[in-house]
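To start, the structure itself, in structure tokens.
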Amino acid sequence: MKTNILLALSEKSFSYLWIGEVFPQLAINLLNFLLILIVFEQTQSNTAVSGIVISFTIPAILFGSLAGVYVDRWSKKKVLVITNLIRAALLIILASSVDNIVVIYCISFAVAIFTQFFIPAETPMVPLVVKEKNLLSANALFGMGIYGSIVVAYMLSGPILIFFKPVNTLLLLAAFLVLGAIFILFIKPKASVSAHDARPKKPLNIIRDIKETLSFMSQTSSVSSSLFALALAQILILIIVTIAPGYAQQILKIKML
38 MKTNILLALS
48 EKSFSYLWIG
58 EVFPQLAINL
68 LNFLLILIVF
78 EQTQSNTAVS
88 GIVISFTIPA
98 ILFGSLAGVY
108 VDRWSKKKVL
118 VITNLIRAAL
128 LIILASSVDN
138 IVVIYCISFA
148 VAIFTQFFIP
158 AETPMVPLVV
168 KEKNLLSANA
178 LFGMGIYGSI
188 VVAYMLSGPI
198 LIFFKPVNTL
208 LLLAAFLVLG
218 AIFILFIKPK
228 ASVSAHDARP
238 KKPLNIIRDI
248 KETLSFMSQT
258 SSVSSSLFAL
268 ALAQILILII
278 VTIAPGYAQQ
288 ILKIKML
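First residue of the sequence shown? That's 38 in the working numbering, and the numbers climb one at a time after it.
Here you go:
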């Protein structure tokens, strides 16, 4: 049976969620690559570039599991709105200090921390806003939004930075995040979900919850192998991204900005 991939967009709440996902994902992926270009332009150092890469990858290791434990007990909609607004505020602050390498590192690290709370809140929202018959379409569109934003962001980062310059680019990305928060505010989860959220949850035990997650991952080969492949792909991408600015300028003689 064929499924219309756009079918889920007929549901308003999912349309708002999808738009509220695409703009923030595009903003953060653009930000990561833009900061790499800005840092290299200011330092001409691949080591400094590796520092900015570390600043937005280490939080995933340190806070990824911890964030998931908390987000599972919070309102997903509120988490999405608040994290978008906080990240927008951080980019506005960065726009006023874009020539300060230390500030760039600190803001990049802080944005990445709040992104760890955004990520586990967005995907679980999908079944909360679409009918079961449209779930396949919704998941497909959501996946396209996530990975499509990565491709589009890396393609547009250079031209956008050249055209708008660093300060205006950061303000544009902040506007993307605010726009994402606005669309998420329009989401209306299903009534059954609201009732479910009102039920008392198990007392928070971070160590127990993390152990249960790690145990599930280690005992489920399909999950552990998928995570390994994803981690390996991310590592290879980050290695390429780290050396790309230096290679482009010093070997290919391409003017960066």
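Note that the Cβ used here is the ideal one computed from N, Cα and C, for glycine as well.
All values derive from a computational prediction rather than experimental measurement.
Through-space distance from residue j to residue i, alpha-carbon basis
{"i": "K114", "j": "L173", "result": "21 Å"}
{"i": "V108", "j": "V116", "result": "7 Å"}
{"i": "V76", "j": "K227", "result": "45 Å"}
{"i": "I197", "j": "A132", "result": "15 Å"}
{"i": "I150", "j": "F201", "result": "27 Å"}
{"i": "I98", "j": "M192", "result": "27 Å"}
{"i": "L154", "j": "P161", "result": "Reading the sequence as shown, one finds Phe at residue 154 and not Leu. The alpha-carbon atoms of F154 and P161 are separated by roughly 12 Å."}
{"i": "V90", "j": "I130", "result": "20 Å"}
{"i": "S252", "j": "Q79", "result": "45 Å"}
{"i": "G88", "j": "V139", "result": "10 Å"}
{"i": "F70", "j": "T84", "result": "15 Å"}
Alpha helix (DSSP H) segment containing residue i, residue limits
{"i": "L99", "result": "83-108"}
{"i": "M192", "result": "172-222"}
{"i": "E159", "result": "138-159"}
Secondary structure of residue i, DSSP reduced to three states
{"i": "K115", "result": "helix"}
{"i": "H233", "result": "Low local confidence applies: a pLDDT of 47 at H233 is under 50, so the model's placement there is unreliable, and no value is given."}
{"i": "L43", "result": "coil"}
{"i": "I130", "result": "helix"}
{"i": "E78", "result": "helix"}
{"i": "K49", "result": "helix"}
{"i": "P164", "result": "helix"}
{"i": "A125", "result": "helix"}
{"i": "V59", "result": "helix"}
{"i": "T257", "result": "coil"}
Assumed close pair residue i, residue j - CB separation to whole angstroms, cut-off 8 Å
{"i": "V148", "j": "L127", "result": "5 Å"}
{"i": "L103", "j": "A190", "result": "Between A190 and L103 the Cβ distance is about 26 Å, and since that is not below 8 Å, they are no contact."}
{"i": "S145", "j": "S82", "result": "Going by Cβ atoms, the distance from S145 to S82 rounds to 16 Å, so no, they are not a contact pair."}
Proximity of residue i and residue j at Cβ, strictly below 8 Å
{"i": "G57", "j": "I221", "result": "yes"}
{"i": "A212", "j": "N121", "result": "no"}
{"i": "Q62", "j": "G195", "result": "no"}
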